[in-house]
Structure formats: structure tokens, C-alpha cells
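J.: Input: one structure, supplied below.
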Amino acid sequence: MAMVDMRDLLQHAYSNRYAVGAFEIVSLDFLQAIIEAAETARSPVILNIVEPHFGLYDLDLLMTATIRAAKRASVPVAVHMDHCSSLETVQTSMRLGCNGVKLDAASESFPVNVQRTREVVDMAHAWGIPVEGEIGYVTGMSRGDSESNSDVPVYTHVEEAKAYIEKTGVDFLAVSIGTVHGRVKGKPRLDYTRLARIQEKFSIPCVIHGGTGLGEQQYRKLIDHGVAKINYFTALAETNAKQLEANLKNKEMSYQQVFADVREKLSEEVKHHMQVLNSAGRAAEVLMQCRSWRNVENVICYNPDTEDQGLIEEMLTKGQQDLIQIPGVLNVEIGRSIDSNSRSNYCWLVSVANEEVLKSYKAHPIYENYTKKASLGITVNVFEIFVAVG
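Plus 36 on top of the position in the sequence shown (first one is 1) and you've got my numbering.
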């Protein structure tokens, strides 16, 4: 398994003067192309899921495939949920396996942005998950076409950025210095001085949204000014569309022929970008220096001292509902023995996000209630095991 702590990953990039590409996933072709590119280039990578594009796919299915791809990859991978509109989306994304999140509140007033982001930080940090915050407004996200978007960008104010970081406790800062979501005519003019002043005030890995359309020198200069994560999607979407359009010129093509070479073209674009960001060839050192991100399974096995099935079922259900409320718990399933000679007849199978939150999980009163005390007046014989997955 090569899923790594995203906080460690971006700190490594920040300290070693390179950036990690955050490539958006919208289909299985995109997912496979990005992983193949990362493994060929031996580069760390961030798989980016974006809420405004949820309508393009079934989120549960795509996330299942994305987490599976991240865990079986031979290079360091983090999975990030971007542009969340609410706390509910943040929590859903964490339960689905993301290990990085960002709330989209940059268009709100400064106090509202701070308040909403602080709520996300409190929630995510309890899960051991880092948070990307944003101050300033990068235009183009609402329509995905910056040339026709009427929004006006709001550049990041240096003093506001410092106050925002201090008040929210975010781990990474997305800044607005002249990029846009989508593609624009001409070469974007970037305000490096503003970025340098932010770094002078507060050393923190910075994030660029709207990475398409920048030149190689611009990427390198951004990295020199503290950028450790660059989001990239528009060029991939264009590459996908261009190859499909070329294939469709032959109207007699089969389904397979229509999609021929799409994944290969996407992979080539991703590999090129990794080389520009100087992340290519760094997989081994990142794996050595970053903590693995592994789920933990806690099996709580028990025997009740009653044969009242109604009371037992009530305890099973209540335990499932209670245990899922502990920060860091991904899922809780109920188990019943199929072996009449089993040491215990019932269990809860609790999936915990990662090893870092085990200490707070085991100290939580709900956990203690179901492992050290009787529940619903039933005395139980309890034993349990913890297993790291991956």
C-alpha cells in the first residue's frame, strides 16, 4: 500500500522545492492514466475529487475505485476532496477514504470564511486529516470556462492570509495571485511578490488552483515561492476531448476504437506535468520519509449474559449507531457468529481512518462504554483485536 499522509507529503515537497500535481478524477480512464503516469515517472501524486463535478459520476463508486487505486499503487498517493460546499460533504468524503479536504468558502466574507473553515479544521483534525484553506478568490470554478466567466478574481490579501491561518489552523493555503480555473487567452500574469510576502509572514505550503496554461518557468518560480501543490484538470479534459474527436472522425468505429489511446494521451500529459513540477523520480524518498496512511480494523467481540434476542438486537443496533459517532470512524458493521463453538457470538467491526487517531479513539467515552462497561443493562464478556489494513 502506498497511500501516505498528505500533510507529510506536502511538507516534504515544500522543504525540497518541488510541487505535487493534484490531478482531478472524473472517470476510470482519468484514474488509470494518472496512476500509470505516476508509476512510470516514479512520482508522488494527489488524486483530486471535486464536488462541482459530482454530477459526472456516482461518487461512491468512483471513490471506491480511487481509494483502491491509491492503496495498491507503488508510488506515494494522497486522495483529496476539493471545493466542498458543506460540512456534510467534508464528513462524507472522509468516511469514503479521503485523507485531505478543502471547504469552498473563499467567496464568503472574511469572518464567515474563517468560521466555516475553523469548523472543518476541528472536524478533520480529529480524524488526523489535514485541511487546505483558501483566502482570496480564483475565478472560473462555477462554469469551468474562464473565458466566458464573468466572476472577478479577488487577490489574496497578505495580512488577511496571516490572520486566516492563525484563526483557522489550516495546514495548506490556496492563494489567488492571477491564475484561473479553466483556460484563458494569453499567458497569465502572476503576482510572485504577493506570494513571497505571504511566505515571509507565515511559512506554510501554498496551493495553486488553475494550473493549466502556465509556462514551465512560471511553475518553477511558483515552487521557489513556497507552492507545494498545483491543481491540474483543464488540460486533461482538453486532451481527452481532442483524442475522442479525432477517433470519431471515422463513423464506423466500434466502442473500443472510439476510446482508443485516450488513456495513453492522458498519461503522457500527466507525466510531462510531473517532470515540470520536479516531482518525477522522488517516489522512493517520499515513501521513506512520509507516514503510511493505513486504515485500522477494531473487532469488538462479546457474549451477552442474556438470551433475550430483542434486547441483544437493540444493543447491536445502538452500538452501531453510537460507535460511528466517534471522530475517525469510517464504518461500523455488526457481526454474528456462524460457528456454534465460537468464543463470542457477536461483534462490531469498526473501521478507523488511520493509526494516528487510535489514541483519541480508544480514549473516547463511547468506545469505553462498549468495551469496558455493560450496555443497556446487559453484562457482556468482551475481548477485542486491532488490525492495520494494508
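We treat Cβ as the ideally placed atom computed from N, Cα and C, and that holds for glycine. This one's a predicted model, so the numbers in the text were calculated from it and none came from an experiment.
Is the region 52-61 touching the region 299-318, taking contact as three or more C-beta pairs under 8 Å?
T.: Counting Cβ pairs under 8 Å, three or more are found: they touch.
J.: Starting from A114, follow its DSSP beta bridges and name the residues at the other end.
T.: Answer is I82.
J.: For E75, which residues from the same chain have a beta carbon less than 7 Å from its beta carbon, with the 5 sequence-adjacent residues on both sides left out?
T.: The residues are A109, S110, V111.
J.: Taking 8 Å as the threshold (C-beta atoms), are S143 and E87 in contact?
T.: In this structure, S143 does not lie closer than 8 Å to E87 by Cβ.
J.: For V386 and V365, which I take to be in contact (beta-carbon distance under 8 Å), what is that distance rounded to the nearest angstrom?
T.: Going by Cβ atoms, the distance from V386 to V365 rounds to 6 Å, so yes, they are a contact pair.
J.: Kindly indicate which three-state DSSP category A320 falls into: helix, strand or coil?
T.: Of the three classes helix, strand and coil, the one that applies to A320 here is helix, per DSSP.
J.: State the start and end residues of the unbroken alpha helix (DSSP H) segment that holds I201.
T.: 194-204 is the extent of the alpha helix (DSSP H) around I201.
J.: So the candidates are S290, V243, R230; which of them puts its Cα closest to the Cα of N267?
T.: Of S290, V243, R230, the residue nearest in Cα terms is V243.
J.: What alpha helix (DSSP H) runs, 4 residues minimum, are completely inside the region 316-397?
T.: Listed in chain order, the complete alpha helix (DSSP H) runs (minimum 4 residues) inside the region 316-397 are 319-325, 345-359.
J.: From C399 to I362, what does the alpha carbon distance come to, in whole angstroms?
T.: It should be noted that the sequence gives Ala, not Cys, for residue 399. Going by the C-alpha atoms only, they are around 10 Å apart.
J.: Should E252 be labelled buried (16 or more other beta-carbon atoms within 10 Å of its own) or exposed?
T.: With fewer than 16 other Cβ atoms within 10 Å, it is exposed.
J.: Within 10 angstroms of its Cβ, does K278 collect 16 or more other Cβ (buried), or is it exposed?
T.: Counting Cβ neighbours within 10 Å, K278 comes out exposed, since fewer than 16 surround it.
J.: Using the C-alpha atoms, what's the distance from T204 back to V40?
T.: So the alpha carbons of these two residues sit roughly 24 Å apart.
J.: Below 8 Å between beta carbons: does that hold for D118 and I85?
T.: Taking 8 Å as the Cβ cut-off, D118 and I85 qualify as a contacting pair.
J.: What is the residue span of the beta strand (DSSP E) that N286 lies within?
T.: From DSSP, N286 is part of no beta strand (DSSP E); its letter is neither H nor E.
J.: Measuring CA to CA, which of L67, V306, V81, E391 is closest to R327?
T.: The shortest Cα separation from R327 among L67, V306, V81, E391 belongs to E391.
J.: Along the chain, where does the alpha helix (DSSP H) containing A58 start, and where does it finish?
T.: It is not in any alpha helix (DSSP H) - A58 instead sits in the beta strand (DSSP E) that spans 56-60.
J.: I need the boundaries of the beta strand (DSSP E) containing L209, first residue and last residue.
T.: Segment 208-211, the beta strand (DSSP E) holding L209.
J.: For V243, write down the residues that DSSP places opposite it in a beta bridge.
T.: Partner(s): A210, K265.
J.: Below 8 Å, can you find three or more Cβ-Cβ pairs linking the region 137-151 to the region 61-81?
T.: With a cut-off of 8 Å, the region 61-81 and the region 137-151 do not count as touching, because too few Cβ pairs lie within range.
J.: Around the Cβ of L284, are there at least 16 other Cβ atoms within 10 angstroms (buried) or fewer (exposed)?
T.: L284 comes out exposed.
J.: Which residue comes first and which comes last in the beta strand (DSSP E) that contains I171?
T.: First-last of the beta strand (DSSP E) with I171: 167-171.
J.: For the candidate residues T153, R225, H161, whose alpha-carbon lies nearest to that of L209?
T.: Comparing Cα-Cα distances from L209 to each of T153, R225, H161, the minimum goes to T153.
J.: So what does DSSP say about K408, is it helix, strand or coil?
T.: Three-state DSSP puts K408 in a helix.
J.: Within 10 angstroms of its Cβ, does D207 collect 16 or more other Cβ (buried), or is it exposed?
T.: The residue in question, D207, is buried, as its Cβ has 16 or more Cβ neighbours within 10 Å.
J.: Excluding five sequence neighbours on each side, which residues of the same chain lie with their C-beta closer than 6 Å to the C-beta of T192?
T.: Once the five neighbours on either side are set aside, the close Cβ partners of T192 are I171, G172, V211, S212.
J.: With a threshold of 8 Å, are at least 3 pairs of Cβ atoms found where one atom belongs to the region 336-355 and the other to the region 291-307?
T.: No, because fewer than three Cβ pairs between the region 336-355 and the region 291-307 fall closer than 8 Å, the two stretches do not touch.
J.: The beta strand (DSSP E) that contains L139, what's its start and end?
T.: First-last of the beta strand (DSSP E) with L139: 136-139.
J.: As a quick exercise: from G247, G249, K257, T248, pick the residue whose alpha carbon is nearest that of R230.
T.: It is K257 whose Cα lies nearest to the Cα of R230.
J.: Got a sec, what are the start and stop residues for the alpha helix (DSSP H) T128 sits in?
T.: First-last of the alpha helix (DSSP H) with T128: 123-131.
J.: Tell me the DSSP bridge mates of F422?
T.: DSSP, once it has assigned bridges, lists N334 as partnering F422.
J.: Could you give the distance in angstroms between the alpha-carbon of E369 and the alpha-carbon of A105?
T.: Rounded to the nearest angstrom, the two C-alpha atoms are 24 Å apart.
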